[in-house]
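Residue 122 in the numbering used here sits at position 86 of the sequence shown, with consecutive numbering throughout.
No residue lacks a Cβ here, since even glycine has one placed at the ideal position from N, Cα and C.
The block underneath contains the structure these notes are about, expressed in structure tokens.
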Amino acid sequence: MLHPHFWDINEVLRDYPFRSVLLSNGTLINKDNARKLRVHEVQLSVDGMRKGHESLRGEGTFEKVIRAIDRLQEAHLQVSIATMIHRDNLAEFDELASLLQSKQIGEWNVDVPCLAGRLEEHQDLWVSPKEAGLLLRYAFGGGLHSTEHQQTCGAHLCAIFPDGKVAKCGLFSEEPVGSIDERLRACWERVPRIPLQQLRCSCSVMEECRGGCRYRAKLQGDPFASDLFQCCVRGVFREELGEGESKKYPDLLQAMSEQTSLAGL
Ligand code: SF4
Ligand code: SF4
């Protein structure tokens, strides 16, 4: 919302036949500007209750983002929530789930941060699959990242960054497919779409999981491989992992085994 042309862009959004979602931390949203937004949905980052959220985003930000939910809903805008699991919010998910339920939120994306970007400098906040895996199950809705027509995640999605770069989604900022100057459709058509049958997944929950997150798979070494966090959450373990992967991720395999007993899977 700080972009010099934000409000110009906002004004023309409804002239285009795509669904627009504003990703925001909510700090700048107030009663007046909420009513002016022409997006279809606002996705707010809420990374825990007050302690967890503010340990990541700074003092005073929790109250602002909760107030933003109210202001947007008063303006009849759809609000979804995105939460990253981190060291300081592990114990806050029940409370956060109740809060979001009381606000009648229809979609909650819960994700595990990858050891990339600024998290590389704050590795103390990262949590292992063993700690984070079960919390992924708090998520519901999930339209933004959904799949369709035998495609992997984010079949319809692309993200536009403040500098005009366009990429598959917010996590692929380092691999833009073009710039908005080249027209959005041209960029969107360049976003790589991976058909499900090209994945090296062959588990019994394929239809439900659809390979999980391609960014996580890429960080684990292969964009066509299984998303091991989803394997972990869904109880798909060693049989899915080839020998190479087993050698590559001994810690993850150990965590998966431990989690299986934790989850009673
Ligand atoms: S790569 Fe991950 S974050 Fe990006 S669209 Fe797919 S599931 Fe969503
Ligand atoms: S559970 Fe694992 S193997 Fe199965 S579809 Fe999901 S990522 Fe692939």
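Would a C-beta distance cut-off of 7 angstroms place residue i and residue j closer than the cut-off?
i: VAL146; j: THR188; result: no
i: CYS237; j: GLY247; result: yes
i: ASP83; j: LEU92; result: yes
i: LEU108; j: VAL78; result: yes
i: ILE117; j: VAL163; result: no
i: LYS100; j: GLY62; result: yes
i: ARG55; j: HIS76; result: yes
Excluding the 5 residues flanking residue i on each side, which residues of the same chain have their C-beta closer than 8 angstroms to its C-beta?
i: PHE265; result: VAL148, PRO165, ALA168, GLY169, LEU172, GLY248, CYS249, ARG252
i: ASP217; result: GLY200
i: GLN186; result: PRO231, LEU232, GLN233
Indicate the three-state DSSP secondary structure (helix, strand or coil) for residue i in the structure shown.
i: ASN46; result: helix
i: GLU143; result: coil
i: MET120; result: strand
i: ALA222; result: helix
i: GLY214; result: strand
i: ALA104; result: helix
i: VAL82; result: coil
Please return the same chain residues whose Cβ sits closer than 6 angstroms to the Cβ of residue i, not counting the five positions on each side in sequence.
i: PRO198; result: HIS39
Whose C-beta lies closer than 7 angstroms to the C-beta of residue i among residues of the same chain, with five residues either side of it excluded?
i: VAL269; result: GLY169, LEU172, ARG173
Between the options, which lies nearest to residue i when the distance is taken from Cα to Cα?
i: TRP224; options: PRO259, SER209, HIS185, LYS204; result: LYS204
i: ASN66; options: ARG219, VAL202, GLU243, ALA111; result: ALA111
Does the beta-carbon of residue i, which I'm using as the reference point, lie nearer than 6 angstroms to any heavy atom of ligand 4?
i: ARG270; result: The model on display carries ligand 1 and ligand 2 but not ligand 4.
Do residue i and ligand 2 come close, with the Cβ less than 6 angstroms from some heavy atom?
i: ASP51; result: no
i: CYS239; result: yes
Taking 6 angstroms as the cut-off, does the CB of residue i come closer than this to any heavy atom belonging to ligand 1?
i: LEU92; result: no
i: LEU207; result: yes
i: ARG173; result: no
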